[in-house]
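Asks:
In our numbering, the protein residues as written are 13 to 389.
See below:
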């Protein structure tokens, strides 16, 4: 009995220490992963978190190409997609749906986590807010929205452009596997302000490219303050409704209604493809100019400090003979735009061991671009 008391007492001390040290989010992480047979975040975990609705009103279905689903994928492509636990693979060409295929019980209506593809969406919202005069320009300082940042060394100078182009100089280790690092706290914690505003800045903004989820989350906070509404409702009004998205979507939030702007939009592959088509059409959906063509061009223009692999929210590959740029999310969520062939390729799934040997870019993206263009050219 005495031994049991020591065990219980020790456990209580351990739990108390976890809370005191600010690691209480670990309990949420354990309950949402290991206790559900998962080892990390996964594409179907949206229902485990609070979220805001991204509403659509009048869905416009994709027009099917006359060759829709007539061709079978080559064996090497099928094997690649199966091996990487693909949920959905969709190809759009010349504005029409040409191929779509689903695995493991997923279908046209399945909504999966965008993960970091949401970073590009957050940047799109910034572009729209500037277009509407709600935000003056990208050189506005984050500290103008949150004056407490004027007291942070380096942080007082960070601009919205620095945040959008991953040149913020934030002290943030972009590691998804270590539960004690900031990504896990932001993902599983209850309060994004606590997770992100507590971080320091380690160098002068604009000095160096470093991909960081915290930068996009700070950008989201600035947007929300400027818009004075949820980012989900703004995304609905300015993009989801006028683009005729096929389904309502959702955006995971913390316990205070703040969207996780570095990740976590839950939608289907067909609607993700519409985001890609918007870029191929220079910001237009049908006859409507949804986002200015100048801002679209800025997003897909590679930056010098990233050594030409990143733009403003988008990843870029001009090294490949078939040039392309794309939204990129953890575990292989892609919306790939291939301008030369007027093609959008969407792949969603659970590729936990996704090799990134292509200057930090997933090898699978280049493979899918080259093989898909060859098959459907």
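Idealized CB from N, CA, C, for every residue including glycine.
#1: Cβ of residue 276 versus every heavy atom of the ligand MN: is any distance shorter than 8 Å?
#2: So what does DSSP say about residue 165, is it helix, strand or coil?
#3: Can you give the Cα-Cα distance for residue 193 and residue 235, rounded to whole angstroms?
#4: Between which two residues does the alpha helix (DSSP H) containing residue 349 stretch?
#5: Measuring straight from C-alpha to C-alpha, what distance separates residue 74 and residue 188?
#6: Under DSSP, the beta strand (DSSP E) around residue 211 begins and ends at which residues?
#7: Is residue 12 near residue 381, with beta carbons less than 9 Å apart?
#8: I think residue 358 touches residue 295, with their Cβ atoms under 8 Å apart; what is that distance to the nearest whole Å?
#9: Measuring CB atoms only, is the segment 268 to 280 touching the segment 217 to 229, in the sense that at least three cross pairs come out at less than 8 Å?
#10: Alpha carbon to alpha carbon, how far is residue 107 from residue 204? Give it in angstroms, no decimals.
#11: What residues in its chain sit with their C-beta under 8 Å from that of residue 12, if we drop five residues either side in the sequence?
#12: Would you say residue 126 faces chain D, with C-beta separation under 9 Å as the test?
#13: Look at the alpha carbon of residue 32 and the alpha carbon of residue 175, and state the distance between them as a whole number of angstroms.
#14: For residue 223, report the span of its beta strand (DSSP E) as first-last.
#15: Closest by CA to residue 122, which one among 59, 325 and 311?
#16: Taking all protein chains shown into account, do 16 or more other C-beta atoms lie within 10 angstroms of the C-beta of residue 268, making it buried, or fewer, making it exposed?
#17: What does DSSP give as the partner residue(s) for residue 376 in the beta ladder?
#18: Could you check which residue in 301, 209 and 168 has the C-alpha nearest to that of residue 184?
#19: In the DSSP output, which residue or residues are listed as bridge partners for residue 359?
#20: Please state whether DSSP places residue 24 in a helix, a strand or coil.
#21: From the DSSP output, in three-state form, read off residue 57 for me.
#22: Around the Cβ of residue 237, are there at least 16 other Cβ atoms within 10 angstroms (buried) or fewer (exposed)?
#23: Rounded to the nearest angstrom, how far is the Cβ of residue 178 from that of residue 223, given a contact under 8 Å?
#24: In the DSSP assignment, the beta strand (DSSP E) including residue 111 goes from what residue to what residue?
#25: Locate the beta strand (DSSP E) running through residue 340, then write down its first and last residues.
#26: Distance check for residue 140 and residue 383, CA to CA, integer angstroms please.
#27: Put residue 278 into one of helix, strand or coil per three-state DSSP.
#28: Distance, Cα to Cα, residue 244 vs residue 68?
#29: Please report how far the alpha carbon of residue 265 lies from the alpha carbon of residue 131, in whole angstroms.
#30: Using DSSP with H/G/I as helix, E/B as strand and the rest coil, what is residue 184?
#31: Just the Cα atoms here: how many angstroms apart are residue 386 and residue 251?
#32: Taking DSSP as the reference, what is the three-state secondary structure of residue 389?
#33: DSSP three-state label for residue 306, please.
#34: Can the beta-carbon of residue 92 be found closer than 9 Å to that of residue 113?
#35: Taking just the CA atoms, how far does residue 292 sit from residue 371?
#36: May I have the straight-line CA-CA distance separating residue 362 from residue 311, to the nearest angstrom?
Replies: Checking against the coordinates, here is how it stands:
#1: The ligand MN is not part of the structure shown, which contains no ligands of any sort.
#2: Residue state, collapsed to three classes: coil.
#3: About 25 Å.
#4: Per DSSP, residue 349 belongs to no alpha helix (DSSP H); it is in the beta strand (DSSP E), 345 to 350.
#5: Rounded to whole angstroms, residue 74 and residue 188 show a C-alpha spacing of 35 Å.
#6: For residue 211, no beta strand (DSSP E) run applies, since DSSP gives it neither H nor E.
#7: The structure shown does not extend to residue 12, since the chain is modelled only from 13 to 389, so the question has no answer here.
#8: Incorrect: roughly 19 Å between the Cβ atoms, too far for contact.
#9: Touching, yes.
#10: Distance between the alpha carbons of residue 204 and residue 107 is about 38 Å.
#11: The chain is shown from 13 up to 389; residue 12 falls before or after that span and cannot be answered.
#12: Given the protein chain composition of this structure (a single chain), no chain D is represented.
#13: At residue 32, the pLDDT of 45 sits below 50, so the modelled position is not reliable; the number obtained from the coordinates is stated separately. Each residue's alpha carbon lies about 31 Å from the other.
#14: No beta strand (DSSP E) contains residue 223, which DSSP labels as neither H nor E.
#15: Residue 122 has its Cα closest to that of 59, out of 59, 325 and 311.
#16: By the 10 Å Cβ count, residue 268 comes out exposed.
#17: According to DSSP, which records beta bridges pairwise, residue 376 is partnered with nothing at all.
#18: Taking only the C-alpha atoms, the option nearest residue 184 is 209.
#19: 101 and 346.
#20: Low per-residue confidence applies at residue 24: pLDDT is 41, beneath 50, and the placement is therefore not dependable, though the value from the model is reported in the following sentence. Assignment of residue 24 by DSSP, reduced to helix, strand and coil, places it in the helix class.
#21: Residue 57 carries a helical assignment under DSSP once its states are collapsed to helix, strand and coil.
#22: Looking at its Cβ environment, which holds fewer than 16 other Cβ atoms inside 10 Å, residue 237 is exposed.
#23: Contact holds; Cβ gap of about 5 Å.
#24: Per DSSP, residue 111 belongs to the beta strand (DSSP E) from 108 to 114.
#25: Segment 336 to 341, the beta strand (DSSP E) holding residue 340.
#26: C-alpha of residue 383 to C-alpha of residue 140: approximately 34 Å in a straight line.
#27: In this structure, residue 278 counts as strand in the three-state DSSP scheme.
#28: About 11 Å.
#29: Taking the CA atoms as reference points, residue 265 sits about 14 Å from residue 131.
#30: In the displayed model, residue 184 falls within coil according to three-state DSSP, outside both helix and strand.
#31: The alpha-carbon separation between residue 386 and residue 251 amounts to approximately 32 Å.
#32: Residue state, collapsed to three classes: coil.
#33: The answer is helix: DSSP assigns residue 306 an H, G or I state.
#34: Going by C-beta atoms, residue 92 is not nearer than 9 Å to residue 113.
#35: Between the alpha carbons of residue 371 and residue 292 lies a distance of about 24 Å.
#36: Going from the Cα of residue 362 to the Cα of residue 311 covers about 26 Å.
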